[in-house]
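Per my numbering, residue 171 is the first one in the sequence shown, and the count goes up by one each step. Even for Gly, the Cβ is constructed at its ideal location relative to N, Cα and C. Contents: one structure, followed by commentary.
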Amino acid sequence: VNYPLEQLTAAFARAAQLQTQLSRHAGDALEKLLGERAATLQQRAAWTLGLLLAGLVLVAAMLWRALAGIWEPVQAAIATTERIAQGDLSVHIPVHGRDELGRVLQAIAGMRDRLRELVPQLQSAPGEIHRAADEIAAGHQDLNHRSEAAAVRVQAVANTVQQLARTVADTAQAAGRARQ
């Protein structure tokens with residue numbers, strides 16, 4: 171090892187200096203790379219959070235629309251049946267589709283239509299019953315008059331028969347006296 175110590179020390183110092191520069195450069199590059207990675211991860215996290223929030227808003231809007239699609243027909247059915255229950259048969263029943271609620275509203279509309287047919291019949295029924303009662307009363311009166319007239323005729327016949335019986339008895343007595 172015939173290498174001069176001063177040169178060896180200078181080479182080692184130079185190597186140490188290069189090593190330090192290399193380490194600093196690698197550290198800076200690594201720090202820069204990690205900073206870029208952190209920024210990318212933060213950006214991705216922000217995008218993910220934004221998409222998640224947008225998805226939640228979309229799901230909330232869809233849920234709201236679905237609930238409104240159910241809530242409005244249910245409220246319409248309640249309001250309609252309450253008006254029908256109060257006697258308003260002119261109420262318009264909005265039928266919105268062929269789902270279960272639509273079928274319920276169609277059934278309510280059918281019930282309203284049937285009630286529209288029945289109410290006039292029920293309103294005219296007392297008049298018909300009154301007319302029938304009047305006819306029965308008139309028939310009863312007629313029957314009473316006929317019965318009274320028949321009773322008078324029967325009484326007249328009975329009186330005639332009684333008179334005839336007296337006449338026959340008187341004739342029989344007179345005939346019996348004439349035979350004696």
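Please classify residue i as buried or exposed, where buried requires at least 16 other C-beta atoms within 10 Å of its C-beta.
{"i": "Pro243", "result": "buried"}
{"i": "Ile299", "result": "exposed"}
{"i": "Ile306", "result": "exposed"}
{"i": "Arg284", "result": "exposed"}
{"i": "Thr250", "result": "buried"}
{"i": "Arg282", "result": "buried"}
{"i": "Ile240", "result": "exposed"}
Between which two residues does the alpha helix (DSSP H) harbouring residue i extend?
{"i": "Asp304", "result": "Glu270 to Arg349"}
{"i": "Asp198", "result": "Leu175 to Ala255"}
Out of the options, which has the shortest C-alpha to C-alpha gap to residue i?
{"i": "Val274", "options": "Pro296, Ile248 and Val227", "result": "Ile248"}
{"i": "Gly267", "options": "Ser260, Ala277 and Asp258", "result": "Ala277"}
{"i": "Gly257", "options": "Tyr173, Leu288 and Arg235", "result": "Leu288"}
{"i": "Ile254", "options": "Leu313, Val338, Thr179 and Arg286", "result": "Arg286"}
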